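A.B. asks:
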Amino acid sequence: MAKEKKVEQITDMEVDFAQWFTDVCTKAELVDYSGVKGLFILRPYGYAIWENIQGILDRKFKELGHENVSMPMLIPESLLQKEKDHVEGFAPECAWVTMGGSEPLQEKLCIRPTSETLFCDHWSHVVHSWRDLPMKYNQWCSVLRWEKTTRPFLRGREFLWQEGHTLHATAQEAVEETLQMLEVYADLCENYLAMPVIRGNKTDKEKFAGAENTYTIECMMHDHKALQSGTSHYFGDGFARAFGITFSDRENKLSYPHQTSWGLSTRIIGGIIMTHGDNSGLVLPPAIAPIQVIVLPIAMHKPGVADKAQELVDRLKSAGLRVKADFSDNSPGWKYAQYEMKGVPLRVEIGPRDMENGQCVAVLRTSGEKVSVPLSDLETRIPELLETVQKQMFEKAKANMDSHTFVARSLEEAKALQEEHGGFIKTMWCGDLACEMAMKDQAGMSSRCIPYAQEHLDDCCAICGKPADRMVIWGVAY
RNA sequence: CGGGGUGUAGCGCAGAUGGUAGCGCGCAUGGUUCGGGUCCAUGAGGCCGUGGGUUCAAAUCCCGCCACUCCGACCA
Numbered sequence: 001m002a003k004e005k006k007v008e009q010i011t012d013m014e015v016d017f018a019q020w021f022t023d024v025c026t027k028a029e030l031v032d033y034s035g036v037k038g039l040f041i042l043r044p045y046g047y048a049i050w051e052n053i054q055g056i057l058d059r060k061f062k063e064l065g066h067e068n069v070s071m072p073m074l075i076p077e078s079l080l081q082k083e084k085d086h087v088e089g090f091a092p093e094c095a096w097v098t099m100g101g102s103e104p105l106q107e108k109l110c111i112r113p114t115s116e117t118l119f120c121d122h123w124s125h126v127v128h129s130w131r132d133l134p135m136k137y138n139q140w141c142s143v144l145r146w147e148k149t150t151r152p153f154l155r156g157r158e159f160l161w162q163e164g165h166t167l168h169a170t171a172q173e174a175v176e177e178t179l180q181m182l183e184v185y186a187d188l189c190e191n192y193l194a195m196p197v198i199r200g201n202k203t204d205k206e207k208f209a210g211a212e213n214t215y216t217i218e219c220m221m222h223d224h225k226a227l228q229s230g231t232s233h234y235f236g237d238g239f240a241r242a243f244g245i246t247f248s249d250r251e252n253k254l255s256y257p258h259q260t261s262w263g264l265s266t267r268i269i270g271g272i273i274m275t276h277g278d279n280s281g282l283v284l285p286p287a288i289a290p291i292q293v294i295v296l297p298i299a300m301h302k303p304g305v306a307d308k309a310q311e312l313v314d315r316l317k318s319a320g321l322r323v324k325a326d327f328s329d330n331s332p333g334w335k336y337a338q339y340e341m342k343g344v345p346l347r348v349e350i351g352p353r354d355m356e357n358g359q360c361v362a363v364l365r366t367s368g369e370k371v372s373v374p375l376s377d378l379e380t381r382i383p384e385l386l387e388t389v390q391k392q393m394f395e396k397a398k399a400n401m402d403s404h405t406f407v408a409r410s411l412e413e414a415k416a417l418q419e420e421h422g423g424f425i426k427t428m429w430c431g432d433l434a435c436e437m438a439m440k441d442q443a444g445m446s447s448r449c450i451p452y453a454q455e456h457l458d459d460c461c462a463i464c465g466k467p468a469d470r471m472v473i474w475g476v477a478y
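In terms of the working numbering, the first sequence is residues 1 to 478.
(1) Beta strand (DSSP E) containing residue 355: first to last residue?
(2) Helix, strand or coil for residue 334? Go by DSSP, reduced to three states.
(3) Should residue 286 be labelled buried (16 or more other beta-carbon atoms within 10 Å of its own) or exposed?
(4) Please say whether residue 83 and residue 200 have beta carbons closer to each other than 8 Å?
(5) State whether the segment 85-105 contacts the segment 186-204, with contact taken as three or more CB pairs (one from each stretch) at a distance under 8 Å.
(6) For residue 315, name the three-state secondary structure that DSSP assigns.
(7) Which residues does DSSP pair with residue 473 in a beta bridge?
(8) Go ahead and pull the three-state DSSP assignment for residue 431.
(9) Between 434, 410 and 441, which lies nearest to residue 426 when the distance is taken from Cα to Cα?
(10) Check for me: the alpha helix (DSSP H) holding residue 252 runs from which residue to which?
(11) Buried or exposed: where does residue 391 fall if 16 or more other Cβ atoms within 10 Å of its Cβ makes it buried?
(12) State whether the segment 64-71 contacts the segment 134-153, with contact taken as three or more CB pairs (one from each stretch) at a distance under 8 Å.
(13) Got a sec? Which residues, its chain only, sit under 8 Å from residue 382 by beta carbon, not counting five neighbours each side?
(14) Of all the options 81, 235, 330 and 444, which has the alpha carbon lying nearest to the alpha carbon of residue 261?
(15) Have a look at the DSSP bridge pairing and note the partners of residue 370.
(16) Could you check if residue 5 is buried or exposed, using at least 16 other CB atoms within 10 Å of its CB as the buried criterion?
(17) Apart from the five residues on each side of it in sequence, which residues of its chain come closer than 6 Å, Cβ to Cβ, to residue 543?
(18) Helix or strand or just coil, what does DSSP make of residue 237?
(19) With distances taken between CB atoms, is the gap from residue 253 to residue 150 smaller than 8 Å?
(20) If you drop the 5 nearest sequence neighbours on each side, which residues of the same chain put their C-beta closer than 7 Å to that of residue 401?
(21) Would residue 172 be called buried (16 or more neighbouring beta carbons within 10 Å of its own) or exposed?
(22) Identify every residue that forms a DSSP beta bridge with residue 101.
(23) Flag this pair as yes or no: are the beta carbons of residue 457 and residue 428 separated by less than 8 Å?
(24) Leaving out five residues on either side along the sequence, give the residues of the same chain with a beta carbon under 8 Å from the beta carbon of residue 32.
(25) What would DSSP say about residue 222, mapped onto helix, strand or coil?
(26) Going by Cα to Cα distance, which pick from 217, 469, 127 and 115 is closest to residue 180?
(27) Where does residue 334 land, buried or exposed, given buried means 16+ other C-beta within 10 angstroms?
(28) Pick out whichever of 473, 165, 212 and 123 has its Cα sitting closest to the Cα of residue 264.
(29) Kindly indicate which residue of 162, 125 and 63 has the alpha-carbon position closest to the one of residue 113.
(30) Less than 8 Å between the C-beta atoms of residue 193 and residue 273, yes or no?
(31) Residue 479 to residue 396, Cα distance in whole Å?
(32) Within the same chain, show all residues whose beta-carbon is closer than 8 Å to that of residue 332, passing over the 5 residues directly before and after it, in chain order.
(33) Buried or exposed, going by whether 16 or more other CB atoms sit within 10 Å of the CB of residue 2?
(34) State the start and end residues of the unbroken alpha helix (DSSP H) segment that holds residue 48.
(35) If you follow the beta strand (DSSP E) that residue 164 is part of, which residue opens it and which one closes it?
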């Protein structure tokens, strides 16, 4: 997309990608900083994006039989400590409540960094029989993790997310649930957020604290770094044993159920920004854009223009689109820049000249292409153009990922490729932690996943040369 | 948590050798303009991040703290 830069306030992404990102976050009015480090204010426009994502996922969760619940925000220390790996993973970043009013508490309370322990404790009370299973719960909430360095969307100490927690009679059913929910996330990313994903599972080193297996979808950002965009965990019966969750099965044997959890956070909005944004600002996929079409009256004082613009808004709203018009007295040029910055996928201009011709002009945020649309075709052409934008966005992101995915047969080669191009590097791997550490230490890359789509590149591990039977994707991650 | 940078009006910045603060944009009001950030006029707006110290006097010098930010380590 060869567009000149139209918004001076945003740092060019080629100059400083990180600065570009924070510029977009604030200039597009998505977030504001709060008085506490790492706690961000989601402004209406930013929150609306989250609400749209919520809407898609929540509908899907419910279709698949999940129910929403609300768990407490505080976890007693003793509860958090019941599953050993889990505590070890989260303890370093827990924040604690130690006072109630002016009195010290008998037991300190952790502000939830995630709610596995709460769900488990609850289930240990209410699950008795195989007839109680499966339990398929989800909650929309925020969690707190005391991160050292923070950035809007990508790493907040508090962030909004959903966490799904399910309990099943059999391991097989739980594994199926885990995989199914990863697929829900993949579908969200690819078909709504226009972000191509790599599906796979995490290595032991990268998996969730307490999980038997963690499945992930990995996306590539515009700067060729990786973003873990959603994870789904299979816990086996480890938590159930730790928390004493038992049920009587059909043969009246006391059994431990098998568990899953899966989550997707507002971090995905950071992913949307870094996947699709450009030097004019945000670019939002039509499927989740709070404003899909911005209608701009040109020469608004001329007779009939404002009325016509309002008529377009009404017609497009009736057609089921999220539409707004800007009747402010800012100049057209100012408005163009403003709504480009905010990533509105489609701009519709209507002026005296258009009115004479019985048309309006639609401008695509992605390509900048201007299309004359006869007013008689408004309700069919505008949705088509939004579909075009959605497709263009996916194609562009896909091309970025494909052109920055490489094969390496040695650590040295992987390192060189990463340094020169960035992106995803595929290699064979023997499964040894030492090799994974070596890749981190020497090439600065972590294993992103062991993709479902395996390729046999070689017979031996690219790092140590020992026999290897699986392919890993490596990358520098956010 | 280690290393660097920054903190003065809503935003971006200027304020040398200490003497009680200024510019651009934005904002408000009126007019003007309107197919890529119109033009003009008038006006409002500042415990100079915070706490201490030095001094007759601190935005300015010294020390602490806090926040933001970048680079590492850790993580969604």
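All residues carry an ideal CB built from backbone N, CA and C; glycine is no exception. These numbers come from a predicted model, not from an experiment.
C.D. replies: Let me spell this out:
(1) By 1-based counting over the first sequence, the position of residue 355 is 355. Here residue 355 belongs to no beta strand (DSSP E); instead the alpha helix (DSSP H) covers 352-357.
(2) In the first sequence, the residue the question calls residue 334 occupies position 334. The answer is helix: DSSP assigns residue 334 an H, G or I state.
(3) Translated into positions along the first sequence, residue 286 becomes position 286. With 16 or more Cβ atoms within 10 Å of its Cβ, residue 286 is classed as buried.
(4) For the purposes of this step, residue 200 is identified with residue 200 of the first sequence, where counting begins at 1. For the purposes of this step, residue 83 is identified with residue 83 of the first sequence, where counting begins at 1. No, Cβ-Cβ distance for residue 200 and residue 83 is not below 8 Å.
(5) no
(6) Against the first sequence, residue 315 aligns to sequence position 315. Note: residue 315 maps to helix in three-state DSSP.
(7) Your numbering for residue 473 matches position 473 in the first sequence. For residue 473, which the question treats as bridged, DSSP gives the partners 426 and 449.
(8) The residue labelled residue 431 in the question sits at position 431 within the first sequence. Three-state result, residue 431: coil.
(9) Here the question's residue 426 lines up with position 426 in the first sequence. Checking every option, the nearest Cα to that of residue 426 belongs to 410.
(10) As a working note, residue 252 is residue 252 in the first sequence. Looking at the DSSP string, residue 252 is not in any alpha helix (DSSP H), and its letter there is neither H nor E.
(11) Residue mapping note: residue 391 aligns to position 391 of the first sequence, counting from 1. With fewer than 16 other Cβ atoms within 10 Å, it is exposed.
(12) yes
(13) If you number the first sequence from 1, residue 382 lands on position 382. So the qualifying residues of the chain are 293, 316, 319, 321, 346, 348, 362 and 373.
(14) The sequence position of residue 261 within the first sequence is 261, counting from 1. Looking at the Cα atoms, 235 is the closest of the given residues.
(15) Stepping through the first sequence from its first residue, residue 370 is reached at position 370. According to DSSP, residue 370 bridges with 363.
(16) Counting from one through the first sequence, the residue named residue 5 turns up at place 5. Low confidence applies here, because residue 5 scores a pLDDT of 41, under 50, leaving its location unreliable and the question unanswered by this model.
(17) Outside the displayed span of the chain (1 to 478) sits residue 543, for which this structure offers no information.
(18) Within the first sequence, the letter at position 237 stands for residue 237. It is coil, neither helix nor strand.
(19) On the first sequence, position 253 is the one that residue 253 refers to. On the first sequence, position 150 is the one that residue 150 refers to. No, Cβ-Cβ distance for residue 253 and residue 150 is not below 8 Å.
(20) If you number the first sequence from 1, residue 401 lands on position 401. So the qualifying residues of the chain are 196 and 220.
(21) Here residue 172 refers to the residue found at position 172 when the first sequence is read from its first residue. When all chains shown are included, residue 172 counts as exposed.
(22) Walking along the first sequence from the start, residue 101 turns up at place 101. BP columns for residue 101 are empty, so no partner.
(23) Walking along the first sequence from the start, residue 457 turns up at place 457. Walking along the first sequence from the start, residue 428 turns up at place 428. Closer than 8 Å, so yes.
(24) Locating residue 32 in the first sequence gives position 32, counting from the first residue. Closer than 8 Å at the Cβ level, and outside the excluded window around residue 32, lie 26, 40, 41 and 43.
(25) The residue labelled residue 222 in the question sits at position 222 within the first sequence. In this structure, residue 222 counts as coil in the three-state DSSP scheme.
(26) On the first sequence, residue 180 is found 180 positions in, with the first residue counted as 1. Taking only the C-alpha atoms, the option nearest residue 180 is 217.
(27) Taking the first residue of the first sequence as 1, we reach residue 334 at position 334. By the neighbour-count rule (16 or more Cβ atoms within 10 Å), residue 334 is not buried but exposed.
(28) The sequence position of residue 264 within the first sequence is 264, counting from 1. Here the closest residue by C-alpha is 165.
(29) On the first sequence, residue 113 is found 113 positions in, with the first residue counted as 1. The residue with the shortest Cα to Cα distance from residue 113 is 162.
(30) Position 193 of the first sequence, counting from 1, holds the residue named residue 193. Position 273 of the first sequence, counting from 1, holds the residue named residue 273. Going by C-beta atoms, residue 193 is not nearer than 8 Å to residue 273.
(31) The chain is shown from 1 up to 478; residue 479 falls before or after that span and cannot be answered.
(32) Position 332 of the first sequence, counted from the start, is the residue given in the question as residue 332. Taken in chain order, the residues that qualify are 296, 298 and 349.
(33) Position 2 of the first sequence, counted from the start, is the residue given in the question as residue 2. Residue placement at residue 2 cannot be trusted, given a pLDDT of 26 that sits under 50; what the coordinates show is reported in the next sentence. Per the 10 Å Cβ criterion, exposed.
(34) Numbered from 1 along the first sequence, position 48 holds the residue referred to as residue 48. Counting along the chain, the alpha helix (DSSP H) containing residue 48 begins and ends at 44-63.
(35) Here residue 164 refers to the residue found at position 164 when the first sequence is read from its first residue. It spans 158-168 - the beta strand (DSSP E) in which residue 164 sits, taken as one unbroken run.
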